[in-house]
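Read left to right, the sequence shown gives residues 233 to 413 (our numbering). Each residue gets a CB set at the ideal place from its N, CA and C atoms; glycine is no exception. For clarity, every value in this text was computed on a predicted model and none was experimentally measured. In what follows, a single structure is set out as structure tokens and then discussed.
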Amino acid sequence: MPHPILNDTQNRMKKAVDHTLHEFSSIHTGKASPAMVEGVLVEAYGSMQPLKSCAAVSTPDARLIQIQPWDASLIKAIVKAVQEANLGFNPVPDGKLIRIPLPDMSRERRQEFVKMAQRLAEEGRIQVRSVRHDALSGIKRAKLPEDEGKRLEKDIQTATDKSIADINSHLAHKEKELTTV
233 MPHPILNDTQ NRMKKAVDHT LHEFSSIHTG KASPAMVEGV LVEAYGSMQP
283 LKSCAAVSTP DARLIQIQPW DASLIKAIVK AVQEANLGFN PVPDGKLIRI
333 PLPDMSRERR QEFVKMAQRL AEEGRIQVRS VRHDALSGIK RAKLPEDEGK
383 RLEKDIQTAT DKSIADINSH LAHKEKELTT V
């Protein structure tokens, strides 16, 4: 049976990897994705709401994001929120829909996004190493028998290596996606 420290460490590392992958999904690759605008906060009904809670976001094709508000009175607020989010998009109201055509990305813009992805990956790796550090400290505090402690340290290092390799493989995929025209 795996040790509770190892289980906790693996769960925390998985959360760090998942968070990094979620951050990757918000990077604009030139292909439309609902994740690009779902986190935009819209002033609706007197409070700030995430866009996905007050509208349906879809991508009818690779160069267009379409937003259909649940309530047509929110169209102006959504357009304003997308513009203020400073994502580089120009929303166009079209009846009961809002269309966001994606501009072609320049080489410089693609390189900016590659650097952003690398920075996010490094933050993810730092988080994984921090979890490892906490786990190793927990092993020392637990005063386990020496052989069990060494085995646990080895298992934690294996989990760390796997998590970092996972982040690196997703980073390579994202870089390829960003640099492919």
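Residue i: first and last residue of the uninterrupted alpha helix (DSSP H) it sits in
| i | result |
| --- | --- |
| E275 | Where E275 is concerned, there is no enclosing alpha helix (DSSP H), although the beta strand (DSSP E) it sits in stretches over 273-276. |
| D366 | 339-374 |
Start and end residues, beta strand (DSSP E) containing residue i
| i | result |
| --- | --- |
| S395 | First-last for S395: 378-411, but that is the alpha helix (DSSP H), not the beta strand (DSSP E). |
| D293 | 287-293 |
| M245 | M245 -> not in any beta strand (DSSP E); alpha helix (DSSP H) instead, spanning 236-257. |
| V314 | Careful: V314 lies outside any beta strand (DSSP E), inside the alpha helix (DSSP H) at 307-316. |
| L329 | 329-333 |
| V324 | 324-326 |
| M280 | 279-282 |
Cα-Cα separation between residue i and residue j, rounded to whole angstroms
| i | j | result |
| --- | --- | --- |
| Q315 | E355 | 28 Å |
| F321 | H365 | 41 Å |
| G271 | F256 | 14 Å |
| I310 | H235 | 49 Å |
| P323 | P333 | 7 Å |
| L319 | R341 | 12 Å |
| R361 | P325 | 46 Å |
| V289 | D387 | 42 Å |
Residue i burial status per 10 Å Cβ neighbour count (16 or more: buried)
| i | result |
| --- | --- |
| T252 | buried |
| M245 | buried |
| K372 | exposed |
| R339 | exposed |
| T241 | buried |
| L296 | exposed |
| R351 | exposed |
| T412 | exposed |
Proximity below 8 Å, CB of residue i to CB of residue j
| i | j | result |
| --- | --- | --- |
| S369 | A248 | no |
| A304 | K328 | yes |
| A287 | P301 | yes |
| F345 | I259 | yes |
| L273 | A349 | no |
| I299 | I330 | yes |
Cutoff 8 Å: residue i Cβ touching any chain C Cβ
| i | result |
| --- | --- |
| D326 | Looking for chain C here will not work: only one protein chain is present. |
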